[in-house]
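Protein chains: 2
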Amino acid sequence: MSRSAPPASPTLSYEQAGVDYALIDPLKVLAQRAAAATATQLAGHGFSEVKASRGESAYVVDVGPFYLASIVECLGSKALVADEMAKLTGRSYYEGIAQDTIAMAVNDLITVGATPLVVQAYWAAGGSEWFADAARAQALVAGWQQACERCKVAWGGGETPALAGIVEAGRIDLAASCTGLVNPKERLSLGEKLAPGDAIVLLASSGIHANGLSLARKLTERLPQGYLTPIDALGTHFGQALLAPTTLYSPVTEALWQAGIAVHYAANITGHGWRKLLRHPGRYTYRIDAVPAVPSVLRFMQTHAGHDDHEAYSTLNMGAGFALFVAQADAERAVGVAREQGIDAIVAGRVEAGEKQLLIEPLALRFGDDALQLR
Amino acid sequence: MSRSAPPASPTLSYEQAGVDYALIDPLKVLAQRAAAATATQLAGHGFSEVKASRGESAYVVDVGPFYLASIVECLGSKALVADEMAKLTGRSYYEGIAQDTIAMAVNDLITVGATPLVVQAYWAAGGSEWFADAARAQALVAGWQQACERCKVAWGGGETPALAGIVEAGRIDLAASCTGLVNPKERLSLGEKLAPGDAIVLLASSGIHANGLSLARKLTERLPQGYLTPIDALGTHFGQALLAPTTLYSPVTEALWQAGIAVHYAANITGHGWRKLLRHPGRYTYRIDAVPAVPSVLRFMQTHAGHDDHEAYSTLNMGAGFALFVAQADAERAVGVAREQGIDAIVAGRVEAGEKQLLIEPLALRFGDDALQLR
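Here it is as structure tokens:
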């Protein structure tokens, strides 16, 4: 795999793209502490939290016969790309946007071993007028239903407020909450099963998914043809490629369970790119000896943002949307199960005893213990 | 109770206050149909939806040993009032705003008989800068924690995205998701237990709660002193009174269960005022012979919006935040249980066989079958 060409214009960092985590992080820490303090409330109901789920992708409560998992997740700024592309092409992209929103919640919920059961829709528009575009509204509804059906969840209901003065006129703030069960309880995959020798299986992404869109939007400002810039020999536009809907991974985790393959740990590769492979709290070395093909849209972004591989793999998914850690003996079979669900996969490497680090050997990259600070 | 004084200025309807349901409703109908179609997905997991929960305040799934209830709810525009008042007084009102947001979810979830267990926070800011106001951010966190503790729920986590371009600069879009269990299953209160002869117990509201704020904001524009207009002999400001946090009713429903009092049905009195008493799908007459004291802030709004009692009771809670339907023999005891939890209550009337209507006899008001169209 070749390194990116040097950029023509100055490099563009994630921070320059508009999100200042230094301002948000103190609140996050405060909120995490306050949230942790409320766990004792469950005792009054005869239940208890699964403490290892604090700081993980979904919150898990032991309710006796099974574990209850829940989550709320935001789409982020991908809808802004859909809105711009709609102006340029006259098409509505909200069917895909609906899938993206559900994927944000479902792909996180399954990391703990839960089967997603119910999704609630949160669609907060900048005013009643948003809903007057019937084609767009219908696309959102149709896409939401299809994604629920693909994930075998019931769409329970939701909220469709018109929030003039809070949400910007003509825009919509999309989020999804998801509730599921870890059932039977042995499916819990909060990390206690991960061990040296386990294989790392990477499931293919469909493109940028819904993380890194701020960077993509900033980058677009630099392109003379903007979202209509062709990114491959077929003439696919940048904006169109960005809007490929996020892959839904719950069909794979459910099929693995059906096939008798235990997932030891799982990581949804989102905002911190491949650094998410370091998510498990233990001290292990993750050695990668094969990397998946990089979607054209991500290679294009890497080149035009002037990112070296280190920066690209620490920000974007670079072709790997979800990581599964399974016993070495199950690895090839897990790949087969994923492919049966229409999602490409590779056995990418293995977990080893040793220093906490991620080694991506084909690219000579190393990420150390300090690369991911989520907790 | 006296009728309102005639208004000095033209009356102000809910529609004039900025929400055009004619534009939202077609999407809602479409979404409800699509959502209902996904219910069959649960069969693949060995579960099934409780069909009577479709269109009710929370969605309920039968998972075997108990029912699972879930919901996502939006605060609405109350944060805009907090923002204006902060400018005028230099205080932060986000502790109360946090309680309001949780109340929106919890007070709906308990109507089906569920015990709330986990709340997730959805705090979408207009940019990272929102979180730079440490006092405001701390108030939001502190209020969220306190409300969770009051409701005996665990705060599982949540999302704090910075959504520049979607949420307006300096604003925050607040929502909460809540998951609970109906446990034991006999606590389910989706309406099958309601019967003629049941008593109607009304729990006191703390003020406007979080519904009717668009009307309040519009009204403020007409007042020469705006939010700083005194509304009572103590000189309480209109804005301050509007920001009284919404009462959390789950301590009452939990205490009723502990006291052995079965709730036959429950209605959270929100956006449609007392018309919510007509929520049950059956054909019953709801005869009210006692009304609770009207909070000054609501009487003030009624007067200044030029609403007659019919319009006021069909829009605002007018002192009744939550309705419980219990056996006549349990009614006085239910009032006592609520008061022990610090929430005033009255036995307000009874359910009778007959035409579907709500009769508020002390005010000579009648609302017919056509007054509430929620499904």
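Same order as they appear, the protein sequences are chains W and S.
Every letter in the first sequence is one number past the one before it in the numbering used here, and letter 280, counting from 1, is 280.
Every letter in the second sequence is one number past the one before it in the numbering used here, and letter 87, counting from 1, is 462.
Just so you know, even glycine gets a beta-carbon here, dropped at the ideal spot from N, CA and C.
Note that this is a predicted model, so its numbers are computed, not measured.
- By the neighbour-count criterion, in which 16 or more other beta carbons inside 10 Å mark a residue as buried, Gln328 (chain W) falls on the exposed side.
- Gly165 (chain W) and Lys560 (chain S) have their C-alpha atoms roughly 42 Å apart.
- Excluding five sequence positions before and after Ser467 (chain S), the CB atoms of its chain that fall closer than 7 Å to its own CB belong to Ala461, Ala510, Arg511, Ala514, given in chain order.
- Contact note: Lys193 (chain W) does not reach chain S at a C-beta cutoff of 8 Å; the least C-beta distance is about 22 Å.
- Contact between Ala706 (chain S) and Ala574 (chain S) holds, with the beta-carbon distance rounding to 4 Å and staying under 8 Å.
- Taking all protein chains in view, the Cβ of Tyr313 (chain W) is crowded by 16 or more other Cβ atoms within 10 Å, so the residue is classified as buried.
- Annotated as proximal: Tyr497 (chain S) and Ala551 (chain S), with beta-carbon spacing under 8 Å.
- Taking C-beta atoms as the reference points, Glu727 (chain S) and Ile663 (chain S) fail to come closer than 8 Å.
- Counting C-beta pairs closer than 8 Å gives three or more between the stretch 210-227 of chain W and the stretch 304-311 of chain W, which meets the contact rule.
- For a Cβ distance threshold of 8 Å, nothing in chain S lies close to Ser205 (chain W): the least Cβ distance comes to about 21 Å.
- Between Val494 (chain S) and Val438 (chain S) a beta carbon distance of about 20 Å is seen, past the 8 Å cut, so the two are scored as non-contacting.
- Annotation: the continuous alpha helix (DSSP H) that includes Gln521 (chain S) extends over 509-525.
- Your pair Val576 (chain S) and Val487 (chain S) does not check out as a contact, with CB atoms roughly 18 Å apart and the cut at 8 Å.
- DSSP places Tyr688 (chain S) within a helical segment (H, G or I) once states are collapsed to three.
- Our two residues, Pro440 (chain S) and Pro65 (chain W), have alpha carbons roughly 8 Å apart in a direct line.
- Taken through DSSP and simplified to helix, strand or coil, Glu95 (chain W) comes out as helix.
- Here DSSP, grouped into helix, strand and coil, assigns Val404 (chain S) to helix.
- In chain order, Tyr59, Ser70, Ile71, Val72, Ser177 make up the part of chain W whose C-beta sits under 8 Å from the C-beta of Gln495 (chain S).
- In the DSSP annotation of this structure, the continuous segment of the beta strand (DSSP E) that includes Pro491 (chain S) starts and ends at 490-500.
- For Phe441 (chain S), the secondary structure class from DSSP, reduced to helix, strand or coil, is coil.
- Between Val712 (chain S) and Val627 (chain S) a beta carbon distance of about 7 Å is seen, short of the 8 Å cut, so the two are scored as contacting.
- In the three-state reduction of the DSSP assignment, Ala259 (chain W) falls in the coil class, being assigned neither a helical nor a strand state.
- The beta carbon of Val141 (chain W) falls within 8 Å of a beta carbon belonging to chain S, placing the residue at that interface.
- Excluding the 5 residues flanking it on each side, Asn482 (chain S) has same chain C-beta neighbours closer than 6 Å at Tyr624, Asn643, in chain order.
- Each of S:Ala427, S:Gln615, S:Phe506 was checked against the Cα of Lys568 (chain S), and the nearest Cα belongs to S:Ala427.
- Counted as a single uninterrupted DSSP element, the stretch harbouring Glu504 (chain S) is not any beta strand (DSSP E), since DSSP gives it neither H nor E.
- Ranking S:Ala411, S:Ser432, S:Glu543 by CA distance to the CA of Gly126 (chain W) puts S:Glu543 first.
- Your pair Ile231 (chain W) and Phe300 (chain W) checks out as a contact, with CB atoms roughly 4 Å apart and the cut at 8 Å.
- Check the Cα spacing between Val701 (chain S) and each of S:Leu673, S:Leu734, S:Ile636, S:Met693: the tightest is with S:Ile636.
- Listed in chain order, the positions of the stretch 80-94 of chain W with a beta carbon within less than 9 Å of a beta carbon of chain S are Leu80.
- The closest CA to that of Pro670 (chain S), considering only S:Ser580, S:Glu424, S:Ala489, is found on S:Ser580.
- Arg350 (chain W) counts as buried, since at least 16 other C-beta atoms from the protein chains shown sit within 10 angstroms of its C-beta.
- For the stretch 524-539 of chain S, the beta-carbon criterion of a distance under 9 Å to any beta-carbon of chain W is satisfied by Glu524, Cys526, Lys527, Val528, Ala529, Trp530, Gly531, Gly532, Gly533, Glu534, Thr535, Pro536, Ala537, Leu538, Ala539.
- In the structure shown, Leu80 (chain W) adopts helical secondary structure according to DSSP, grouped into three states.
- The Cβ atoms of Thr285 (chain W) and Glu355 (chain W) sit closer than 8 Å to each other.
- When only Cα atoms are considered, His310 (chain W) and Ala433 (chain S) end up about 46 Å apart.
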